[in-house]
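Peer 1:
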Amino acid sequence: MVVISLKNCSKTLGWLSELSNLAERLLVSAHKQTLQHQIDTHEPIYREVMAREHEIIMLINKGKDLSDRQQDRTVRRDLDRIQQQWEKLRREAVDRHTRLQTCMEHCKKYEITSEALLAWLRTAEDKLSEMNPGVLSKAKLDARLRDLQTFRSEVWKHSGEFENTKGLGETFLSSCDVDKEPIKAELQNIRERWERLNNDLIARAHEIENCSRRLGDFNDELRNLDHAVGRCEDRLAAHDALGGAAKDPKLLERVKAIREELISLQKPLQNLKGMAKDICAEARSAGGDAEHLTDDVDGIADRIGELQSRLDDRLGELQSAATAVSQFNEQIKTLGIDLNEIENEVEKLSPPAREIKRVQTQIHDTTKLQNKIERIADRIEDGERAADALVDAGFSPDTTQTREQISILRKTLTRLDNRVRDHAQNLEDVLRSLHNFYDIESQTMDDIKDISEEFSRMKPVGSELEQIRRQQEDFRNFRENKFEPLAQNVDQVNVCGRDLVRSASSGVSTSQIEKT
Numbered sequence: 003m004v005v006i007s008l009k010n011c012s013k014t015l016g017w018l019s020e021l022s023n024l025a026e027r028l029l030v031s032a033h034k035q036t037l038q039h040q041i042d043t044h045e046p047i048y049r050e051v052m053a054r055e056h057e058i059i060m061l062i063n064k065g066k067d068l069s070d071r072q073q074d075r076t077v078r079r080d081l082d083r084i085q086q087q088w089e090k091l092r093r094e095a096v097d098r099h100t101r102l103q104t105c106m107e108h109c110k111k112y113e114i115t116s117e118a119l120l121a122w123l124r125t126a127e128d129k130l131s132e133m134n135p136g137v138l139s140k141a142k143l144d145a146r147l148r149d150l151q152t153f154r155s156e157v158w159k160h161s162g163e164f165e166n167t168k169g170l171g172e173t174f175l176s177s178c179d180v181d182k183e184p185i186k187a188e189l190q191n192i193r194e195r196w197e198r199l200n201n202d203l204i205a206r207a208h209e210i211e212n213c214s215r216r217l218g219d220f221n222d223e224l225r226n227l228d229h230a231v232g233r234c235e236d237r238l239a240a241h242d243a244l245g246g247a248a249k250d251p252k253l254l255e256r257v258k259a260i261r262e263e264l265i266s267l268q269k270p271l272q273n274l275k276g277m278a279k280d281i282c283a284e285a286r287s288a289g290g291d292a293e294h295l296t297d298d299v300d301g302i303a304d305r306i307g308e309l310q311s312r313l314d315d316r317l318g319e320l321q322s323a324a325t326a327v328s329q330f331n332e333q334i335k336t337l338g339i340d341l342n343e344i345e346n347e348v349e350k351l352s353p354p355a356r357e358i359k360r361v362q363t364q365i366h367d368t369t370k371l372q373n374k375i376e377r378i379a380d381r382i383e384d385g386e387r388a389a390d391a392l393v394d395a396g397f398s399p400d401t402t403q404t405r406e407q408i409s410i411l412r413k414t415l416t417r418l419d420n421r422v423r424d425h426a427q428n429l430e431d432v433l434r435s436l437h438n439f440y441d442i443e444s445q446t447m448d449d450i451k452d453i454s455e456e457f458s459r460m461k462p463v464g465s466e467l468e469q470i471r472r473q474q475e476d477f478r479n480f481r482e483n484k485f486e487p488l489a490q491n492v493d494q495v496n497v498c499g500r501d502l503v504r505s506a507s508s509g510v511s512t513s514q515i516e517k518t
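Its first residue numbered 3, the sequence shown is counted upward by one per residue in the numbering used here.
1) Roughly how many angstroms separate the alpha carbons of Ala278 and Asp242, rounded to a whole number?
2) Would you call Gly136 buried or exposed, if buried means 16 or more other Cβ atoms sit within 10 Å of its Cβ?
3) With distances taken between CB atoms, is the gap from Leu274 to Leu224 smaller than 8 Å?
4) Which first and last residues belong to the alpha helix (DSSP H) in which Ser505 is found?
5) For Val495, which residues of its own chain have a beta-carbon under 6 Å away from its beta-carbon, when the five flanking residues on both sides are left out?
6) Quick check on His425: buried or exposed, where buried means 16 or more other Cβ atoms within 10 Å of its Cβ?
7) Find out if the Cβ-Cβ distance for the pair Phe330, Ala389 is shorter than 8 Å.
8) Tell me the rounded alpha-carbon separation between Lys451 and Ser507.
9) Is the beta carbon of Leu411 less than 8 Å from the beta carbon of Gly338?
10) Where Ile344 and Leu488 are concerned, what is the direct C-alpha to C-alpha distance, given to the nearest angstrom?
11) Below 6 Å CB to CB, which residues in the same chain sit around His33 once its five sequence neighbours on both sides are set aside?
12) Would you mind working out which of Gln333, Val492, His39 and Ile185 sits nearest Ile453, comparing C-alpha positions?
13) Short of 7 Å in beta carbon distance, which residues of its chain neighbour Leu189, apart from the five on each side in sequence? Order them along the chain.
14) Rounded to whole angstroms, what is the Cα-Cα separation between Leu102 and Asn191?
15) Examine the Cβ distances between the stretch 107-123 and the stretch 47-65 and report whether three or more of them are shorter than 8 Å.
16) Whole angstroms are fine: how far does the CA of Ala141 sit from the CA of Asn221?
17) Is the separation between the beta-carbon of Cys11 and that of Asp80 shorter than 8 Å?
18) Select from Asp419, Gly385 and Val422 the residue whose C-alpha is nearest the C-alpha of Glu406.
19) Run through the DSSP bridge pairs and tell me what Ser31 is partnered with.
20) Ordered along the chain, which non-local residues of its own chain (more than five positions away) have a Cβ less than 8 Å from that of Cys282?
21) If you draw a straight line from the C-alpha of Ile375 to the C-alpha of Cys498, how long is it?
22) Assign His44 to one of two classes, buried (16 or more other C-beta atoms within 10 Å of its C-beta) or exposed (fewer than that).
23) Between Gln35, Trp88, Ser31 and Thr36, which lies nearest to Arg54 when the distance is taken from Cα to Cα?
24) Rounded to whole angstroms, how far is the Cβ of Val96 from the Cβ of Ala126, which I believe are closer than 8 Å?
25) Between which two residues does the alpha helix (DSSP H) holding Leu274 run?
26) Below 8 Å on the Cβ atoms is my contact criterion, and I expect Ala207 with Leu271 to pass it. Report the Cβ-Cβ distance as a whole number of Å.
27) Residue range of the alpha helix (DSSP H) that Arg305 falls in?
28) Straight-line CA distance for Thr522 to Lys90?
29) How about His178 and Ser287: do their beta carbons lie closer than 8 Å?
30) Going by DSSP, what residue range makes up the alpha helix (DSSP H) through Ser352?
31) Verify whether the separation of the beta carbon atoms of Leu238 and Arg305 is less than 8 Å.
32) Just mark Gln364 as buried or exposed, buried being the case when its beta carbon has 16 or more other beta carbons within 10 Å.
33) Mind checking Leu467: buried by the 16 CB within 10 Å criterion, or exposed?
34) Can you give me the C-alpha to C-alpha distance between Val4 and Leu29, rounded to a whole angstrom?
35) For the candidate residues Val422, Leu351, Leu227 and Asn346, whose alpha-carbon lies nearest to that of Asn373?
36) Using only CA atoms, which one of Ile408, Asp394 and Pro354 lies nearest to Asp431?
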């Protein structure tokens with residue numbers, strides 16, 4: 003029995019010596035394949051140790067029984083060594099087995115949760131990248147914000163999974179000794195992607211909220227500008243609906259007011275263009291599309307341009323009408339002034355004088371006045387043609403009043419012309435009478451002179467009867483043929499002179515005639 007015990011002790015000590023390297027600390031790897039290799043390498047040793055546990059215990063117990071009876075020091079020493087080495091080996095084997103199994107369990111748990119979280123992260127990241135503003139419209143942006151709110155709730159629900167994955171990863175790392183960097187890097191990647199997802203989610207919500215707010219402001223400005231342009235269009239349409247009356251120069255200020263209002267829309271139009279440009283840039287940076295906003299603004303700009311062109315046409319017509327009417331009114335005004343001046347001149351016409359030179363001067367002045375009247379008559383004809391042109395062009399809505407102005411001027415001119423003609427005729431009549439009077443008077447004076455000379459040449463009364471009879475006969479013939487006709491001429495001169503004096507107007511000098 004002693005031999006058997008010593009032999010068994012020797013074999014056991016040899017086996018224990020072979021496994022003494024388990025005393026060295028095993029550096030557990032975080033690399034799954036390496037960890038599995040470590041488990042696969044240690045598992046047979048662990049099984050062998052656990053399989054021989056009963057054998058070792060029996061050997062130690064039997065050895066103790068023998069050593070107690072025989073008091074064999076060598077056996078006792080070997081048994082003590084076996085017991086010490088066995089306890090150490092078993093402890094190391096169990097500890098290494100436990101560490102490896104625990105580490106593998108942590109590895110598997112982390113692997114399962116991390117793979118699930120990473121798969122969800124990839125899906126979430128893709129989903130978030132697709133949640134761009136799209137083609138900007140209020141309905142789509144509102145729907146996108148609702149989707150983001152739902153997605154935010156989904157992310158929040160996965161926050162526990164993220165924390166669990168992070169905890170499992172840290173637990174796995176704490177149970178390992180080497181090859182930790184890949185796991186640390188993966189955990190860091192998960193943490194960064196998780197934080198980036200949350201930050202991007204907040205940023206995307208802010209972007210879409212900003213787009214929605216900016217779009218709302220833009221739509222308000224666009225709507226206000228559209229209404230303002232519509233008002234201008236309606237006002238111009240109301241103007242055009244007047245038909246021919248739309249050319250009335252009195253409407254010039256109304257059309258100018260429409261144009262001024264339209265010009266005042268240029269600033270909000272430029273602001274709107276700037277807003278559209280900025281929103282397009284912001285939308286592009288957020289992955290959206292707002293080009294249709296530029297089209298909306300361009301549509302408003304086209305309407306303003308077309309309306310501006312139409313207003314320019316209307317203003318051109320009205321300004322032409324205003325110019326024509328102004329020229330016509332100025333023409334009428336000037337004619338009225340000139341007619342008043344002529345009327346003043348007519349009123350100042352002095353009655354026919356009783357002196358030939360004075361009457362001739364009056365006739366000359368009257369002729370000049372008649373020439374003025376003729377020129378004004380031509381100008382009235384021009385004014386009448388201008389009035390007809392205004393009426394035909396539709397520049398004068400009140401055709402009756404326009405033609406009445408010309409009619410009044412023509413009546414005034416006719417009245418003045420008649421007065422001047424009558425005055426000219428009176429002057430001509432007076433001039434003829436004066437010429438006739440002075441012709442008769444001159445002839446009569448010549449006759450008186452001749453008769454006086456002839457009378458003075460008569461011989462004194464003779465002394466003989468026959469001579470006296472001849473002288474009487476000659477005197478009778480002289481009186482009948484010369485003196486009596488002369489007396490008649492003198493009477494005629496006196497009659498003409500008295501007529502001229504009597505017909506002279508008050509204040510007209512007749513002294514020259516009277517002296518004659």
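We treat Cβ as the ideally placed atom computed from N, Cα and C, and that holds for glycine.
Peer 2: Concretely, from the data shown:
1) As a first step, residue 278 must be located in the sequence shown, where it is residue number 276. As a first step, residue 242 must be located in the sequence shown, where it is residue number 240. Those two C-alpha atoms are separated by around 34 Å.
2) As a working note, residue 136 is residue 134 in the sequence shown. It counts as buried.
3) The residue you call residue 274 lines up with position 272 of the sequence shown. The residue you call residue 224 lines up with position 222 of the sequence shown. Yes; because the gap between Cβ atoms is below 8 Å, this pair is in contact.
4) What you label residue 505 is simply residue 503 of the sequence shown in a count that begins at 1. Its alpha helix (DSSP H) spans residues Glu486 to Ser505.
5) As a first step, residue 495 is located in the sequence shown; it is residue number 493 there, counting from the start. Sequence-distant partners of Val495 (beyond 5 residues in either direction) whose C-beta falls short of 6 Å from its own C-beta, in its chain, are Ile442, Glu443 and Thr446.
6) The residue given as residue 425 occupies position 423 in the sequence shown. By the Cβ-count criterion, His425 is buried, with 16 or more other Cβ atoms from all chains shown falling within 10 Å of its own Cβ.
7) For the purposes of this step, residue 330 is identified with residue 328 of the sequence shown, where counting begins at 1. For the purposes of this step, residue 389 is identified with residue 387 of the sequence shown, where counting begins at 1. Cβ distance < 8 Å, so Phe330 and Ala389 count as in contact.
8) Indexing the sequence shown from 1 puts residue 451 at position 449. Indexing the sequence shown from 1 puts residue 507 at position 505. Approximately 34 Å between the Cα atoms of the pair.
9) Here the question's residue 411 lines up with position 409 in the sequence shown. Here the question's residue 338 lines up with position 336 in the sequence shown. Yes, the pair counts as a contact, with Cβ atoms nearer than the cut-off.
10) Here residue 344 corresponds to residue number 342 of the sequence shown, with the count starting at 1. Here residue 488 corresponds to residue number 486 of the sequence shown, with the count starting at 1. If you take the alpha carbons of Ile344 and Leu488, they lie about 48 Å apart.
11) Mapped onto the sequence shown, residue 33 falls at position 31. The residues are Asp181.
12) To locate residue 453, count along the sequence shown from 1; it is residue 451. The shortest C-alpha to C-alpha distance from Ile453 to any of Gln333, Val492, His39 and Ile185 is the one to Val492.
13) In the sequence shown, the residue the question calls residue 189 occupies position 187. Closer than 7 Å at Cβ, skipping near neighbours: Lys168 and Gly171.
14) For the purposes of this step, residue 102 is taken as residue 100 along the sequence shown, with counting starting at 1. For the purposes of this step, residue 191 is taken as residue 189 along the sequence shown, with counting starting at 1. Answer to the nearest angstrom: the Cα atoms are 26 Å apart.
15) At 8 Å Cβ cutoff, the stretches do not touch.
16) Start at 1 with the first residue of the sequence shown, and residue 221 comes out as number 219. Start at 1 with the first residue of the sequence shown, and residue 141 comes out as number 139. Cα to Cα, the separation comes out at about 13 Å.
17) Residue mapping note: residue 11 aligns to position 9 of the sequence shown, counting from 1. Residue mapping note: residue 80 aligns to position 78 of the sequence shown, counting from 1. At the C-beta level, Cys11 and Asp80 come within 8 Å of one another.
18) Here the question's residue 406 lines up with position 404 in the sequence shown. Closest option to Glu406, Cα to Cα, is Gly385.
19) Within the sequence shown, residue 31 is the residue found at index 29, counting from 1. According to DSSP, which records beta bridges pairwise, Ser31 is partnered with Val180.
20) In the sequence shown, the residue the question calls residue 282 occupies position 280. Ala292, Glu293, Leu295 and Thr296, listed in sequence order.
21) Residue 375 sits at position 373 when you count from the first residue of the sequence shown. Residue 498 sits at position 496 when you count from the first residue of the sequence shown. Those two C-alpha atoms are separated by around 34 Å.
22) To locate residue 44, count along the sequence shown from 1; it is residue 42. His44 comes out buried.
23) Counting from one through the sequence shown, the residue named residue 54 turns up at place 52. Here the closest residue by C-alpha is Trp88.
24) The residue given as residue 96 occupies position 94 in the sequence shown. The residue given as residue 126 occupies position 124 in the sequence shown. So it is not a contact: roughly 44 Å between Cβ atoms.
25) Here the question's residue 274 lines up with position 272 in the sequence shown. Run containing Leu274: Gln268 to Ser287, per the alpha helix (DSSP H) assignment.
26) By 1-based counting over the sequence shown, the position of residue 207 is 205. By 1-based counting over the sequence shown, the position of residue 271 is 269. About 32 Å separates the two Cβ atoms, so there is no contact after all.
27) Residue mapping note: residue 305 aligns to position 303 of the sequence shown, counting from 1. That run of the alpha helix (DSSP H) goes Glu293 to Glu349.
28) Because the chain spans 3 through 518 in this model, residue 522 falls outside it and cannot be assessed.
29) If you number the sequence shown from 1, residue 178 lands on position 176. If you number the sequence shown from 1, residue 287 lands on position 285. Note on residue identity: the sequence assigns Cys, not His, to residue 178. Taking 8 Å as the Cβ cut-off, Cys178 and Ser287 do not qualify as a contacting pair.
30) Position 350 of the sequence shown, counting from 1, holds the residue named residue 352. First-last for Ser352: undefined, no H or E at that position.
31) Working through the sequence shown from its first residue, we reach residue 238 at position 236. Working through the sequence shown from its first residue, we reach residue 305 at position 303. Not a contact, by the Cβ cut-off of 8 Å.
32) Here residue 364 is taken as the residue at index 362 of the sequence shown, counted from 1. So Gln364 ends up on the buried side.
33) Translated into positions along the sequence shown, residue 467 becomes position 465. Answer is exposed; the Cβ neighbour count stays below 16.
34) Indexing the sequence shown from 1 puts residue 4 at position 2. Indexing the sequence shown from 1 puts residue 29 at position 27. For Val4, the predicted model reports a pLDDT of 42, less than 50, meaning its position is unreliable; a value from the coordinates is still stated below. Cα to Cα, Val4 sits roughly 42 Å from Leu29.
35) Start at 1 with the first residue of the sequence shown, and residue 373 comes out as number 371. With distances taken between Cα atoms, Asn373 lies closest to Val422.
36) Taking the first residue of the sequence shown as position 1, residue 431 is located at position 429. Per the Cα distances, Pro354.
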